[in-house]
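K.L.:
Sending over a structure as structure tokens; questions will come in a sec.
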Amino acid sequence: MVNSQGSQEQTEQQNMAAPASPAPLKAADPASVGGFELLGRIGAGRQAVVYLGRNTHGESAAVKVLRAERRDDRRSLEAFEHEVEALGLAPDSISPRLYGAGWDGEHWYTTSEYLTGPSLEDLVQAGGPLGGAELRQFAVSISQLVAELHRLRIHHGDIKPRHVITGPGGRLFLIDFGVAAIRNRALRRRDLFSLASVILYAAGGRFPYEGTPLEISTRTMGGRAEVGVLPKPWRDTLRKCLEPNRRFCPSAAGVLKTVGQYGSWA
Numbered sequence: 006m007v008n009s010q011g012s013q014e015q016t017e018q019q020n021m022a023a024p025a026s027p028a029p030l031k032a033a034d035p036a037s038v039g040g041f042e043l044l045g046r047i048g049a050g051r052q053a054v055v056y057l058g059r060n061t062h063g064e065s066a067a068v069k070v071l072r073a074e075r076r077d078d079r080r081s082l083e084a085f086e087h088e089v090e091a092l093g094l095a096p097d098s099i100s101p102r103l104y105g106a107g108w109d110g111e112h113w114y115t116t117s118e119y120l121t122g123p124s125l126e127d128l129v130q131a132g133g134p135l136g137g138a139e140l141r142q143f144a145v146s147i148s149q150l151v152a153e154l155h156r157l158r159i160h161h162g163d164i165k166p167r168h169v170i171t172g173p174g175g176r177l178f179l180i181d182f183g184v185a186a187i188r189n190r191a192l193r194r195r196d197l198f199s200l201a202s203v204i205l206y207a208a209g210g211r212f213p214y215e216g217t218p219l220e221i222s223t224r225t226m227g228g229r230a231e232v233g234v235l236p237k238p239w240r241d242t243l244r245k246c247l248e249p250n251r252r253f254c255p256s257a258a259g260v261l262k263t264v265g266q267y268g269s270w271a
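Numbers given in the working numbering equal positions in the sequence shown, counted from 1, plus 5.
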């Protein structure tokens, strides 16, 4: 499925697991933004709408447009600025390439590489959980992405199965940097929880805390995540990432070391 890394609503960034064909534009949607003709909707969230766009050279891009009602909202504009900063710092091996960003006189927007590959969520829902070497390869690849982001002091803040995309050659990419920030300790901790969660989802098709609201609350407060589906050598490290009240948590590099060095699946 993946190469070893050269290996709200839907997405709030670029192209989540892009559908086979975008949804039709709505009557209120603009016809073009930032030099790109808009061909259809890829996804929509509370802050922005993401479109498939095409420029005059016939090149496609994911065009993210801040909603009109958010254009003068200070927090929304700050989040937009943080997202552009994070995308500008993130290498192309981690996130879709950022082509441009700005204000076209009517809209705040970003344009970026359009990926058509499935998300982790799509893959697991269609084919079931990963196992064996495929799971290890996925865990190594996603851990490499997060470790490299953190080395650059970029904290994503919203890593989830639908935001992990398979790109050309089976490489993994992270999308939706809508809440990303630079040097944010709280988001760093959230990223580690989410990293462990997506590995657990890949292995078992479920999240670490499931059940009734009371059961979820009890397990979360007690840090009792269900990790039995993971290979035994991984469980201690990933369980620590999933303990919300733990003072010291493994780093993404530590997770990468754990999932990369064990060949045993006992």
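Ideal Cβ positions, reconstructed from N, Cα and C, are used throughout, including at glycine.
Just so we're clear, the structure is a prediction, and the values are computed from it rather than from any experiment.
1. Apart from the five residues on each side of it in sequence, which residues of its chain come closer than 7 Å, Cβ to Cβ, to S37?
2. Which complete alpha helix (DSSP H) runs does the segment 73-150 hold, if anything under 4 residues is left out?
3. Quick one: residues in its chain with C-beta nearer than 8 Å to the C-beta of S124, no 5 flanking neighbours on either side, listed in chain order?
4. Using only the alpha-carbon positions, how far apart do D241 and L192 sit?
5. What residue range is occupied by the uninterrupted beta strand (DSSP E) comprising T2?
6. Report the option in A66, I147, G265 and G133 whose CA atom is closest to the CA atom of V203.
7. Here's the rule I'm using: 16 or more other beta-carbon atoms within 10 Å means buried, otherwise exposed. How should H62 be labelled?
8. Once the 5 residues before and after A257 are set aside, which same chain residues still bring their CB inside 8 Å of it?
9. E64: which of L177, L128 and Y119 sits nearest, CA to CA?
10. Under 8 Å, do L103 and S81 count as touching if we go by C-beta distance?
11. Nearest-angstrom Cα distance between L30 and R46?
12. Where does P256 sit, in a helix, a strand or coil, going by DSSP?
13. Just checking my contact of A49 with A185 at CB under 8 Å: how many whole Å lie between their CB atoms?
14. Which term fits A66, buried or exposed, when burial requires 16 or more other beta carbons within 10 angstroms of its beta carbon?
15. Taking F178 as the reference, give the member of P101, P238 and D127 with the closest Cα.
16. Report the rounded CA-to-CA distance for R188 versus E83, giving the unit in angstroms.
17. In chain order, what residues of the same chain have a beta carbon less than 6 Å from the beta carbon of A106, not counting five sequence neighbours either side?
18. Could you name the residues that DSSP lists as bridge partners for L179?
19. Q52 and G183 look like a contact to me (Cβ under 8 Å); what is the Cβ gap, rounded to whole Å?
20. So, helix, strand or coil for A164, using DSSP?
21. Is D109 closer than 8 Å to G39 when the C-beta atoms are compared?
22. Count the other CB atoms within 10 Å of the CB of K69; is the residue buried (16 or more) or exposed (fewer)?
23. Give me the DSSP bridge partner(s) of Y56.
24. Three-state secondary structure (DSSP) at S199?
25. What residues match up with A186 in a beta bridge as DSSP calls it?
26. My output table needs one value for V232: the three-state DSSP class, helix, strand or coil.
27. Hey, out of L235, E248 and S26, whose CA is closest to A138's CA?
P.N.:
By the coordinates alone:
1. L43
2. 79-94 and 125-132
3. M21, A22, P166, R167, H168, V169, I170 and T171
4. 22 Å
5. For residue 2 there is no data in the structure shown, the boundaries of the chain being 6 and 271.
6. I147
7. exposed
8. S148, V151, A152, L154, H155, D196, L197 and L200
9. Y119
10. no
11. 6 Å
12. First, the residue type needs correcting, since residue 256 is Ser and not Pro in the sequence shown. It is coil, neither helix nor strand.
13. Actually they do not touch by this definition, with Cβ atoms about 19 Å apart.
14. buried
15. P101
16. 15 Å
17. V89 and T115
18. V169
19. 6 Å
20. It is Ile, not Ala, that sits at residue 164 in the sequence shown. I164 falls in the coil class under three-state DSSP.
21. yes
22. buried
23. R46 and V68
24. helix
25. H160
26. coil
27. L235
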